[in-house]
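Chemist:
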Amino acid sequence: MPKVLTVKHMARCIACYSCMLACARAVYGDYSPSHSAVQIRTRGGLQSKLAADVCIGCRDAPCAAACQAGALLPRPGGGVRFVRNKCSGCGACVEACVVRAIRLDTDGRAIVCIQCGTCTRFCPHDVLVMEESAADA
Amino acid sequence: MLDANTVRVLYIDLGRREWRVDERPELARYLGGVGVAAKLFTEGLVPDAEASAPEQPVVLGIGPLTTVFPLATKTAAVFRSPLTGEWGESYAGMRLAMALRFAGYDAVYLTGRAQRPVYLVVDRDGVSFKDARGLWGLDCEETGRCLREWEQGRGFRSIVRIGPAGERGVAFAGVNVDTVRHFGRLGLGAVMGAKNLKAMVVHGEKSIPIPDRRAYRAVYEEIHARAVDTEVMEKYHGLGTAGNVLSLNAMGALPTRNLRENRFEGAERISGEAFAQKTLIRKLACPGCPVGCIHVGLYRRSFAEGHEYESITLAYDYELIYALGSFLGLSEPGDVYALIEAVEALGLDAISSGVVLGWATEALEKGLIHTADLGAELRFGDLDGYLAALHGLVEQPTPLYAVLARGLHRATAELGGRDFACLLGNNEMAGYHTGYAFILGQTVGARHSHLCNAGYALDQEPGLGEDPEGVVDRLIAEEEWRNVLNSLGVCLFARNIYDPPTVVRTLNALGVPAGAEDLAQLGAEIFDLKLAAKKRMGFDLSHVTVPRRYFETSTLQGTLREDVLGDLLSRYRARIAARA
Ligand code: SF4
Ligand code: SF4
Ligand code: SF4
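Chains A and B, in that order, are what the protein sequence lines are. The first sequence: position 19 = 19 (my numbering), numbered continuously. Just remember that my numbering sits 1000 ahead of the position in the second sequence, which is counted from 1.
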């Protein structure tokens, strides 16, 4: 089964944003870490714990079901494929996502995880990994 | 300067509450960072007015590599130093550089003085001036908490603020950046305080599309791999800079008890190893840095009988452990943390604070100053007096504290005792009593920092001691090259990754057409630019003196001789004179 992005060791995160920069660079062609499908957040200042807002790779992805433009397609193993030029920017997926992991970029198009695993290659502490989803294990 | 052809400068006038953005294409040849900031600063510098005068500019600059290449995380600040009266330059990490990049500014030029305390919100739409009367008087921590809650942009913003030390004009007040990093040294905090500028929130999450993805990704991935996979960066993510405590102690180069000694019997207990084993709870990184050198430890203390504890987390580094540990004879991590906590909250520079207190301890012993004027008893190894004195430096309850708050250069001019003041180039010393190259380097470096030219590293190279011309050559070459790195926005910990060929490739991948020779030329030009500005501010290398203390306490190279250092200094001066 194809693997999905998994937050494995959140407590090891150093907030280096390497994952965000990788996603922005490789998937969205942008220098800005705001244009990344994974978002590392503090829970209230840098002395607090960190959290990752990221697609959990749903089976029967509700975001895909909500997308009327045909831009989001369910992906085998979980999560979605994204056909960017079909995205109308309606924001239906943003509302539908069960973990609120989709945002719209400045052009009004979705920033959504496509389960490519690029971010995991740049994480120095294996916080993010690609794994088969628990349902398959 | 991601746009290779221009530099976008945000001009802010605090007195008039006005701002504008200017494109300065002619500055593109300075790349960014300290190059652009130095140039802008010299345009606005008023040599006849003191550092705290409203018209003096403060300039922040980021570089072409900022956030878009690994470890390009630093923002340069250039200002007139209230501590030395001349060249002020400082660097801070964490999110400021990223926030400026994606707000769309290469440099920020601040001038004027607000009528009442203000804080600024800077984003892609420009600047808002906001009332900071409610923040005035708050410490760095609480100021940060308020602004986190009041302002937007979580994750993509930076909160830059001063504490009470900056508000009250302590000449070595620092600036806190995102809780765990700082603009330290040379008193930028006091300059902000004099401008009635309590804080700045910079928020940037603008899209910047990558023009040539393929070329860019190839170079990015190679640098990232070198940063995480090789041993190049081991020193910084392992023990961090605190690993220096034991190595410098073993060399006989760890300044101890106001540099009366060069080894500390408590070194083991305040070593990087001890801090890590007993207190380290996590590491943090500046955005775009996979190394994560920021070591955060847990400081837990009992406040009452019966297992009543309070605890906070604090970032530690070698310089803090040296200045607030061995230099004051303190050998308990808890004591060092207590002073770090105070220095952080008050917004003081840790090195200058420790070195001032070390001097005061000895001055008290010698009868030069008196307990009554300090309201505290200062003794090496005794925390309580030092804690009280740190607050004294900021609150200035007695005239003596007001004098000490101006830094040791000015304080000893009034009180005497310069022989045992650990000053170099009128700045309190960094923690490396390694030998001639360190002393010469900090004395002659543009900002009188060990980081100008890394003399402490030369002292550790065998054989160089017999070659005075070689020492001078190397110091100048290093300072010139660091000017380039500091114009790119790169963290100096990554200097072994960013060698000249690599730098050229990163720039070319961004579409900046620079070759190795252009870079070398730029480094030299910035070097001269700073020298010229220093001269306008009254600095003259032939007037510098090196206190007696450096020749009394043995170093890694044994006991130093004044005539040998004098010879090095005159060779250095001759070399500088020949450049003009
Ligand atoms: S984007 Fe949200 S809804 Fe869609 S698959 Fe991922 S987690 Fe599920
Ligand atoms: S798996 Fe790919 S698309 Fe998803 S967050 Fe990581 S880099 Fe972005
Ligand atoms: S790359 Fe890893 S360590 Fe860095 S921010 Fe992302 S999850 Fe955290």
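Every residue gets a Cβ at the ideal spot worked out from N, C-alpha and C, and that includes glycine. Values in this document were obtained by computation on a predicted structure and should not be read as measured data.
Using 8 Å as the cut-off, can you tell me whether the region 1440–1448 of chain B makes contact with the region 1470–1478 of chain B, which would need three or more C-beta pairs spanning the two stretches below that distance?
Modeler: Touching, yes.
Chemist: Classify residue 1578 of chain B as buried or exposed, calling it buried when 16 or more other Cβ atoms lie within 10 Å of its own Cβ.
Modeler: Per the 10 Å Cβ criterion, exposed.
Chemist: Less than 8 Å between the beta carbons of residue 128 of chain A and residue 19 of chain A, yes or no?
Modeler: Taking 8 Å as the Cβ cut-off, residue 128 of chain A and residue 19 of chain A qualify as a contacting pair.
Chemist: Is residue 122 of chain A near ligand 3, judged by its Cβ being under 7 Å from some heavy atom?
Modeler: Yes, Cβ of residue 122 of chain A sits closer than 7 Å to a heavy atom of ligand 3.
Chemist: With a cut-off of 8 Å on the beta carbons, I'd call residue 1010 of chain B and residue 1019 of chain B a contact; round off their distance for me.
Modeler: With 8 Å as the limit, residue 1010 of chain B and residue 1019 of chain B qualify as a contact, their Cβ atoms being about 7 Å apart.
Chemist: Which residue spans inside the region 1078–1108 of chain B form an unbroken beta strand (DSSP E) run of at least 3?
Modeler: Listed in chain order, they are 1087–1092.
Chemist: Does the beta carbon of residue 1131 of chain B sit closer than 8 Å to a beta carbon anywhere in chain A?
Modeler: Taking Cβ atoms only, chain A never reaches closer than 8 Å to residue 1131 of chain B, which makes this a no.
Chemist: I want to verify the contact list: residues of chain B whose CB lies under 7 Å from the CB of residue 14 of chain A, in sequence order.
Modeler: The contacting residues are 1283, 1284, 1285 and 1292.
Chemist: If contact means a Cβ-Cβ distance below 8 Å, which residues of the region 43–56 of chain A contact chain B?
Modeler: Here the close residues are 44, 45, 46 and 47.
Chemist: In its own chain, which residues sit with a C-beta less than 7 Å from the C-beta of residue 1408 of chain B, not counting the 5 before and 5 after it?
Modeler: For residue 1408 of chain B, where only same-chain residues beyond five positions count, the Cβ hits under 7 Å are 1355, 1356, 1359, 1421, 1423 and 1428.
Chemist: Please work out which residues of its chain come closer than 7 Å, Cβ to Cβ, to residue 1573 of chain B, disregarding the five sequence neighbours upstream and downstream, and give them in chain order.
Modeler: The answer, listed in chain order, is 1541 and 1542.
Chemist: Exposed or buried, which one is residue 133 of chain A when buried takes at least 16 other CB atoms within 10 Å?
Modeler: Buried, since its Cβ has 16 or more Cβ neighbours within 10 Å.
Chemist: For ligand 3, is there any heavy atom lying closer than 7 Å to the beta carbon of residue 46 of chain A?
Modeler: No; taking the cut-off as 7 Å, the Cβ of residue 46 of chain A has no heavy atom of ligand 3 nearer than that.
Chemist: With a CB to CB cut of under 6 Å and the five nearest residues on each side skipped, what residues in its chain are close to residue 1534 of chain B?
Modeler: Within the same chain, residue 1534 of chain B has close Cβ partners 1086 and 1087.
Chemist: Could you name the residues of the same chain whose beta carbon sits closer than 7 Å to that of residue 1571 of chain B, not counting the 5 residues immediately before and after it, in chain order?
Modeler: Around residue 1571 of chain B: 1468, 1469 and 1472.
Chemist: Taking 6 Å as the limit between beta carbons, can you name the residues of its chain near residue 1153 of chain B, skipping five residues before and five after?
Modeler: Excluding residues within five positions, the ones whose Cβ falls inside 6 Å are 1203.
Chemist: Is any beta-carbon of chain A found at less than 8 Å from that of residue 1205 of chain B?
Modeler: Yes, residue 1205 of chain B counts as interfacial toward chain A.
Chemist: Roughly how many angstroms lie between the CA atoms of residue 136 of chain A and residue 1 of chain A, to the nearest whole one?
Modeler: Bear in mind that the predicted position of residue 136 of chain A carries a pLDDT of just 49, short of 50, making it unreliable; the figure below should be weighed with that in mind. Going from the Cα of residue 136 of chain A to the Cα of residue 1 of chain A covers about 8 Å.
Chemist: Mind listing the chain B neighbours of residue 36 of chain A? Cutoff is C-beta to C-beta under 7 Å, in chain order.
Modeler: Residues of chain B passing the Cβ test: none, with the nearest at roughly 11 Å.
Chemist: Using the C-alpha atoms, what's the distance from residue 1091 of chain B back to residue 119 of chain A?
Modeler: So the alpha carbons of these two residues sit roughly 29 Å apart.
Chemist: Counting contacts by CB-CB distance shorter than 8 Å, is residue 29 of chain A in contact with chain B?
Modeler: Cβ-Cβ to chain B under 8 Å: yes for residue 29 of chain A.
Chemist: Quick check on residue 1479 of chain B: buried or exposed, where buried means 16 or more other Cβ atoms within 10 Å of its Cβ?
Modeler: Flag for residue 1479 of chain B reads buried.
Chemist: Do residue 1452 of chain B and residue 1482 of chain B have their C-beta atoms within less than 8 Å of each other?
Modeler: Cβ atoms of residue 1452 of chain B and residue 1482 of chain B: closer than 8 Å.
Chemist: If I follow the unbroken alpha helix (DSSP H) through residue 1061 of chain B, where does it start and stop?
Modeler: Careful: residue 1061 of chain B lies outside any alpha helix (DSSP H), inside the beta strand (DSSP E) at 1058–1061.
Chemist: Kindly list the residues whose CB is nearer than 8 Å to the CB of residue 1568 of chain B, restricted to its own chain and excluding five residues on each side of it in sequence; keep chain order.
Modeler: Around residue 1568 of chain B: 1436, 1440, 1468, 1471 and 1472.
Chemist: Which stretch, first to last residue, makes up the beta strand (DSSP E) that contains residue 1182 of chain B?
Modeler: Here the beta strand (DSSP E) through residue 1182 of chain B covers 1181–1183.
Chemist: Please indicate yes or no: does the CB of residue 1228 of chain B lie closer than 7 Å to some heavy atom of ligand 1?
Modeler: For ligand 1, not one heavy atom lies less than 7 Å from the Cβ of residue 1228 of chain B.
Chemist: Quick check on this structure: which residue in A:58, A:77 and A:33 has the alpha carbon closest to the alpha carbon of residue 98 of chain A?
Modeler: Among A:58, A:77 and A:33, the Cα nearest to that of residue 98 of chain A belongs to A:58.
Chemist: Verify the contact flag: residue 101 of chain A, CB atom, against every heavy atom of ligand 3, threshold strictly below 7 Å.
Modeler: Because no heavy atom of ligand 3 lies under 7 Å away, the Cβ of residue 101 of chain A does not count as near it: no.
Chemist: Hey, is residue 1042 of chain B close to ligand 2, as in C-beta under 7 Å from one of its heavy atoms?
Modeler: Not so, every heavy atom of ligand 2 lies at least 7 Å from the Cβ.
Chemist: Any C-beta of chain A within less than 8 Å: which residues of the region 1532–1544 of chain B qualify?
Modeler: Answer in chain order: no residues at all.
Chemist: For residue 39 of chain A, list the residues DSSP reports as bridge partners.
Modeler: Answer is A:53.
Chemist: Please list the residues of the region 1138–1152 of chain B that have a C-beta atom closer than 8 Å to any C-beta atom in chain A, keeping them in chain order.
Modeler: Against chain A - using a Cβ distance shorter than 8 Å - the residues of the region 1138–1152 of chain B are 1144, 1145 and 1148.
Chemist: Determine whether the Cβ of residue 104 of chain A lies closer than 8 Å to any Cβ atom of chain B.
Modeler: Not an interface residue.
Chemist: Under 7 Å between beta-carbons, which chain A residues line up against residue 1178 of chain B? List them in chain order, please.
Modeler: Going along chain A in sequence order, the residues near residue 1178 of chain B (Cβ under 7 Å) are 46.
Chemist: Is any non-hydrogen atom of ligand 3 found closer than 7 Å to the C-beta of residue 1422 of chain B, if you look at the structure I gave you?
Modeler: Residue 1422 of chain B Cβ: outside cutoff for every heavy atom of ligand 3.
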